[in-house]
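Enquirer: Numbering (the working numbering), first residue to last: 12 to 183. All residues carry an ideal CB built from backbone N, CA and C; glycine is no exception. What follows is a structure written as structure tokens; I'll ask about it next.
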């Protein structure tokens, strides 16, 4: 981390736009403002990962508003998941909202993302049992859909938690 970014008011992020990121984007049809909602969510990731937390939160909040206006539950869930990572005291609310919305869709990519973000919020608050359960559920959803991006996140996070418990066999 660059000087001045440490403790920038967000959870440590082990994810961001990467090779598998497109799998939840607008390669499927985007109704109305779906493209804008997705673009704002991705922008929130980039801004947050460069330490611009206030701008990241604003972009995610805009994405939630756009997705909510057009009834795009999957993109509203994704934006809430990202806002959970940068939302400070409201992170838990947004993480819970992301999971609740994701469970209303049939989109396993969105569900896996929401669960892994909620797991990070649980881990950061010290609830490692819940974090492990959420990451394992995320991993299962990602495996069912063939989503390598979220498989990597769920596997890395659950392995980390198993190792913290001294369970190298489960981590492998």
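Return the CA-CA distance between residue 71 and residue 175, expressed in angstroms with no decimal places.
Expert: C-alpha separation (whole angstroms): 32 angstroms.
Enquirer: CB-CB under 7 angstroms to residue 84, same chain, minus the five flanking residues each way: which ones, in chain order?
Expert: Cβ neighbours of residue 84 beyond the five flanking positions: 112, 115 and 116.
Enquirer: Among the candidates 65, 53 and 81, whose CA atom is the shortest distance from the CA of residue 92?
Expert: The option with the nearest alpha carbon to residue 92 is 53.
Enquirer: Leaving aside the five residues before and after residue 47 along the sequence, list all residues of the same chain whose C-beta is less than 7 angstroms from its C-beta, in chain order.
Expert: Taken in chain order, the residues that qualify are 77.
Enquirer: Answer with buried or exposed for residue 99, where buried requires no fewer than 16 other C-beta atoms within 10 angstroms of its C-beta.
Expert: Residue 99 comes out exposed.
Enquirer: Quick one: give me the first and last residue of the alpha helix (DSSP H) that residue 135 is part of.
Expert: Counting along the chain, the alpha helix (DSSP H) containing residue 135 begins and ends at 119-135.
Enquirer: What does a CB cutoff of less than 7 angstroms around residue 125 pick up in its chain, not counting 5 residues either side in sequence?
Expert: Answer for residue 125: 88, 92, 109, 110 and 113, listed in chain order.
Enquirer: With DSSP run on the structure shown, which of helix, strand or coil describes residue 107?
Expert: Residue 107: helix per DSSP, three-state reduction.
Enquirer: Near residue 156, what residues of its chain come up, given a Cβ to Cβ distance below 8 angstroms and the 5 sequence neighbours on each side ignored?
Expert: Only 119, 120 and 123 meet the Cβ criterion.
Enquirer: Starting from residue 73, trace the alpha helix (DSSP H) both ways and give me its first and last residue.
Expert: Per DSSP, residue 73 belongs to the alpha helix (DSSP H) from 64-81.
Enquirer: Using a Cβ-Cβ cutoff of less than 7 angstroms, which residues in the same chain neighbour residue 150 once the five nearest sequence positions on both sides are dropped?
Expert: Hits under 7 angstroms: 162, 165, 166 and 169.
Enquirer: Measure from the alpha carbon of residue 51 to the alpha carbon of each residue in 82, 180 and 86, then state which is nearest.
Expert: For residue 51, the nearest C-alpha among the options comes from 86.
Enquirer: Which stretch, first to last residue, makes up the alpha helix (DSSP H) that contains residue 59?
Expert: It spans 45-60 - the alpha helix (DSSP H) in which residue 59 sits, taken as one unbroken run.
Enquirer: Apart from the five residues on each side of it in sequence, which residues of its chain come closer than 6 angstroms, Cβ to Cβ, to residue 132?
Expert: Once the five neighbours on either side are set aside, the close Cβ partners of residue 132 are 95, 102, 103 and 106.
Enquirer: In this structure, how does DSSP classify residue 158 when only helix, strand and coil are distinguished?
Expert: Three-state DSSP puts residue 158 in coil, outside helix and strand.
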